[in-house]
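Peer 1: This is the structure I want to talk about, given as structure tokens.
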Amino acid sequence: MNDSTRTTAVCEPSRSHDTTGGAQGAAGTSFKHEHLAAILAHGLKHGFFEVHAENYMGAGGPPHRALAAVREAYPLSVHGVCMSIGAPSALDLTHLARFRELVMRYEPMLVSEHLAWSSHGGTFFNDLLPLPYTQETLVHVCEHIDQVQDAIKRPILLENPSTYVAFASSTMSETEFIRAVVQRTGCGLLLDVNNVFVSATNHGFSAEAYLDGFPLEHVGEIHLAGHSEQRDDEDEPLLIDSHDCAISDSVWSLYRDLVARIGPRPTLVEWDSNLPAWSVLRAQAQSAQQIMREGVLLAVEASRAV
Amino acid sequence: MLSENPSCGYATTFAPGLTDPSIKAPEDVVAAPGKRVVKRYNVYRNNVTVSLIDAPAAVYPAIQRITGFGLFRAMARFHVRATPPTSPLLFEYGRDFPAFIETYEYAREMPWLADTARIERAWLDAYHAADLPVLAAEALAEIEAPSFDIQANLAGMLSAGAFTGVHVQHGD
Chain S
0 MNDSTRTTAV CEPSRSHDTT GGAQGAAGTS FKHEHLAAIL AHGLKHGFFE VHAENYMGAG
60 GPPHRALAAV REAYPLSVHG VCMSIGAPSA LDLTHLARFR ELVMRYEPML VSEHLAWSSH
120 GGTFFNDLLP LPYTQETLVH VCEHIDQVQD AIKRPILLEN PSTYVAFASS TMSETEFIRA
180 VVQRTGCGLL LDVNNVFVSA TNHGFSAEAY LDGFPLEHVG EIHLAGHSEQ RDDEDEPLLI
240 DSHDCAISDS VWSLYRDLVA RIGPRPTLVE WDSNLPAWSV LRAQAQSAQQ IMREGVLLAV
300 EASRAV
Chain L
0 MLSENPSCGY ATTFAPGLTD PSIKAPEDVV AAPGKRVVKR YNVYRNNVTV SLIDAPAAVY
60 PAIQRITGFG LFRAMARFHV RATPPTSPLL FEYGRDFPAF IETYEYAREM PWLADTARIE
120 RAWLDAYHAA DLPVLAAEAL AEIEAPSFDI QANLAGMLSA GAFTGVHVQH GD
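Residue numbers (numbering that gives the first Met the number 0), protein chains in the order written: chain S, 0 to 305; chain L, 0 to 171.
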């Protein structure tokens, strides 16, 4: 399944220490139409913007005009949320064709999708639903990723999910599953640090241990986001991947350690509801850029000390 | 050729309870030792239900303003459970919502509501429609009056006559 002729999902991580902020050190935000005028007036240096693919699958009109305006000034990331790669049923070929068309039209810097499912039995559920990690589901997920990559003629970045439940039938860990997917399909990875923190809290494992087992060498993009808190049946914290508030200190801390370990990667601040002013969102992206710059400088100092 | 899926029934067992609160989480769904999964599974159920009700609310904002939040959500919840979306494009969802409104018991005292919804639907279709070249005044002058054929979406909106006024009052 692995096609060695494919180009990589993003450019290779810079071997030299790039302190000028190239693609690897870029930080961006979700693009919301409410922010368009503010973005064009007060933009984001070394920035990029990410959109949910499905919001731009109409034929024309204001959505495409807004996206074209942003694309003219910034690199784009097209983030699919409804391909249902983790479903046992076949992919929706009409949807795949629309996805391909969007990628061709906007030539994004990054293309990503989720390790989750959202459609089954002819119904679309509009949520990122979990799957057991077994040899059988591995085969299906890999077939679906191959299908997507063949259609768009480039590798995708696959995002690790945030989950609230697990499956008794799972026979491998999430990181083992993801590593096997990468090996079989040649896809890259979108590492969502907030998802790692949310799942670690919800399932009682260590986020650091998860990252130790994650194939970090294949990470082509990082996601950061805010989460909210509910209580589970035992009245203990149950974190919700809500994308409606600022990034938590715990997630920033994990991100700082991650960047120190793997170097800068294009980093995206997701904020999808309860939207703040553009200046607030921009400040979050700038914090990510600052952490990446500090990480690079520390690496430079460490290499000089050797 | 995609392989068959003899042991991939997880979606078949996970899906039904997402839109039906009387169905419990499947047995294969677990949490850490000693943890129950009622509230955990409810997170997915809630995400699905709220987001699918939000979809008609996004397509029909004027209807929500006219009916009020409570009645609209009740109506939309009924509709979502009876006719869940089949396409991932939610701006395409709810084409049969105006017809559903006509049959909804608590909306019968507003017989104009369904046509107002049809106008909102046409507005959204026009919003997402492919861009066409702007019609210049000179081109209009060349058209013979009897053959003048107005674009379908616009025609649909105009034919709704008085209901356009209701939409203008309550639309964005």
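Ideal placement from N, C-alpha and C gives every residue a C-beta, glycine not left out. Owing to the predicted nature of the structure, the values given are computational and were not obtained by experimental measurement.
(1) What's the gap between the Cα of arginine 82 (chain L) and the Cα of leucine 51 (chain L)?
(2) With 8 angstroms set as the bound, which would you pick, yes or no: does the beta-carbon of lysine 23 (chain L) sit closer than that to a beta-carbon of chain S?
(3) Hey, isoleucine 151 (chain S) and isoleucine 84 (chain S): beta-carbon distance below 8 angstroms or not?
(4) Could you tell me which uninterrupted alpha helix (DSSP H) segments, each at least 4 residues in length, are contained entirely in the stretch 161–203 of chain S, listed from first to last along the chain?
(5) Distance, Cα to Cα, serine 278 (chain S) vs histidine 242 (chain S)?
(6) Does the distance from the C-beta atom of isoleucine 155 (chain S) to that of serine 88 (chain S) stay below 8 angstroms?
(7) Does any C-beta atom of chain L lie closer than 8 angstroms to the C-beta of asparagine 125 (chain S)?
(8) Can you tell me where the alpha helix (DSSP H) holding arginine 230 (chain S) begins and where it ends?
(9) Based on DSSP bridge pairs, tell me the residues matched to glutamate 49 (chain S).
(10) Determine the chain S residues that contact phenylalanine 90 (chain L) at a beta-carbon separation under 7 angstroms, and present them in chain order.
(11) Per DSSP, what are the beta-bridge partners of histidine 119 (chain S) in this structure?
(12) Return the first residue and the last residue of the alpha helix (DSSP H) that proline 236 (chain S) is part of.
(13) Pull up the distance between the alpha-carbon of alanine 125 (chain L) and that of alanine 276 (chain S), whole angstroms please.
(14) Closer than 8 angstroms, Cβ to any Cβ of chain S: which residues of the stretch 43–76 of chain L, in chain order?
(15) Okay, do the stretch 221–229 of chain S and the stretch 168–181 of chain S touch, 3+ Cβ pairs below 8 angstroms being the bar?
(16) Thinking just about the alpha-carbon of each residue, which of L:Pro97, L:Leu17, L:Arg72 is nearest to the one in valine 37 (chain L)?
(17) Could you tell me the distance, in whole angstroms, from the CA atom of isoleucine 261 (chain S) to the CA atom of tyrosine 254 (chain S)?
(18) Below 8 angstroms, can you find three or more Cβ-Cβ pairs linking the stretch 154–168 of chain S to the stretch 84–104 of chain L?
(19) Measuring straight from C-alpha to C-alpha, what distance separates tryptophan 111 (chain L) and proline 160 (chain S)?
(20) Rounding to the nearest angstrom, what Cα-Cα distance links threonine 66 (chain L) and isoleucine 221 (chain S) in this structure?
(21) So which of S:Met56, S:Leu280, S:Gln146 has the shortest CA-CA distance to glycine 46 (chain S)?
(22) When the Cα atoms are used, what is the spatial distance from alanine 98 (chain L) to alanine 113 (chain L)?
(23) Measure the C-alpha to C-alpha separation of alanine 14 (chain L) and alanine 24 (chain L) and round it to an integer number of angstroms.
(24) Measuring straight from C-alpha to C-alpha, what distance separates alanine 213 (chain L) and histidine 63 (chain S)?
(25) Does chain S have any CB closer than 8 angstroms to the CB of histidine 78 (chain L)?
(26) Does DSSP classify threonine 102 (chain L) as helix, strand or coil?
(27) My understanding is that histidine 94 (chain S) touches proline 87 (chain L), with C-beta atoms under 8 angstroms, so please give their C-beta distance in whole angstroms.
(28) Could you list which residues in chain L have their beta carbon closer than 9 angstroms to that of proline 236 (chain S), in chain order?
(29) At the level of alpha carbons, what is the spacing between valine 268 (chain S) and glycine 27 (chain S)?
(30) Under 8 angstroms Cβ-Cβ, which residues of chain S neighbour arginine 39 (chain L)?
(31) Give me the Cβ distance between alanine 224 (chain S) and tyrosine 209 (chain S), rounded to the nearest whole Å; I'm assuming they're in contact under 8 angstroms.
(32) In the DSSP assignment, what residue or residues form a beta bridge with isoleucine 221 (chain S)?
(33) Going by DSSP, what residue range makes up the alpha helix (DSSP H) through valine 110 (chain S)?
(34) I need the straight-line Cα distance from alanine 73 (chain L) to valine 250 (chain S), nearest angstrom please.
(35) Under 8 angstroms between C-beta atoms, does tyrosine 126 (chain L) make it to chain S?
(36) If distances are taken between C-alpha atoms only, which option among S:Ala96, S:Leu35, S:Val195 comes closest to leucine 66 (chain S)?
Peer 2: Answer, in terms of the structure:
(1) Checking the displayed sequence, the identity of residue 82 (chain L) turns out to be threonine instead of arginine. One C-alpha to the other measures close to 11 angstroms.
(2) no
(3) no
(4) 173–184, 192–202
(5) 17 angstroms
(6) no
(7) yes
(8) Counting along the chain, arginine 230 (chain S) falls outside any alpha helix (DSSP H), though it belongs to the beta strand (DSSP E) covering 227–230.
(9) S:Ser29, S:Ser76
(10) Gly57
(11) S:Thr122
(12) No alpha helix (DSSP H) holds proline 236 (chain S); the beta strand (DSSP E) holding it covers 236–239.
(13) 29 angstroms
(14) Tyr43, Asn46, Val47, Ser50, Leu51, Ala54
(15) no
(16) L:Leu17
(17) 10 angstroms
(18) no
(19) 45 angstroms
(20) 43 angstroms
(21) S:Leu280
(22) 7 angstroms
(23) 9 angstroms
(24) Because chain L in this structure spans residues 0 to 171, residue 213 (chain L) falls outside the shown range and cannot be described.
(25) no
(26) helix
(27) 6 angstroms
(28) Result: empty, since nearest Cβ-Cβ is about 12 angstroms, beyond 9 angstroms.
(29) 6 angstroms
(30) Tyr163, Val164, Asn201, Asp231, Asp232, Leu237
(31) Actually they do not touch by this definition, with Cβ atoms about 17 angstroms apart.
(32) S:Leu190, S:Thr266
(33) Unbroken run through valine 110 (chain S) is the beta strand (DSSP E), 109–113; no alpha helix (DSSP H).
(34) 38 angstroms
(35) yes
(36) S:Leu35
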